[in-house]
Amino acid sequence: KFVRLNSVLMTPVQASVEVLATSAELSAKPGGTATGDFLVTNHGLESDFTVSCTDELAFYDSLSPSSIHLTNNGSGTVSVTFKVPSDAKEGSVSTVTVTAQSQKQTSSVNSAVTQFVVLSE
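Under full-length UniProt numbering, the first residue of the sequence shown is numbered 1, with each subsequent residue one higher.
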């Protein structure tokens with residue numbers, strides 16, 4: 001007996017995350033501090049996201065919150081604080097990367113890249 005089976009294409013649903021720098025410019029004088037805000041938006045399934053930050057010149061000090069729960073199409077703001085050493089050279093530029101990654105679907109990850117500038121005193 002011949003039986004025809006229709007194949008069904010299954011596509012896994014994934015979380016999709018977007019990270020945007022909302023501060024126009026990140027900058028501070030030597031010895032100063034600055035805070036930049038980053039908007040994390042979830043375009044996929046509800047998920048908890050781990051947020052991290054790196055920068056080339058190690059001005060990164062703290063990030064809050066480091067974990068954020070977002071529903072579908074939900075957004076949240078993450079604040080990142082930077083401390084510039086007093087001996088930092090004016091005009092120095094550090095590339096800052098803020099990354100959000102889904103804790104459930106680790107392939108759902110995205111970053112915002114911006115620059116931090118050391119101002120003259």
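Even glycine gets a Cβ: it sits at the ideal position worked out from N, Cα and C.
Membership of His69 in the beta strand (DSSP E) is indicated by the continuous run Ser67 to Leu70. Counting along the chain, the unbroken beta strand (DSSP E) around Phe49 starts and ends at Ser47 to Asp55. Looking from the CA of Ile68, the closest CA among Ser120, Gln101 and Gly31 belongs to Gln101. Its Cα nearest to that of Asn42, the residue Gln103 stands out among Phe116, Leu119, Val118 and Gln103. Residue pairing by DSSP puts Asp37 in a beta bridge opposite Ser79. The count of Cβ pairs closer than 8 angstroms, one atom from the stretch 77-90 and one from the stretch 58-65, reaches three, so the stretches are in contact.
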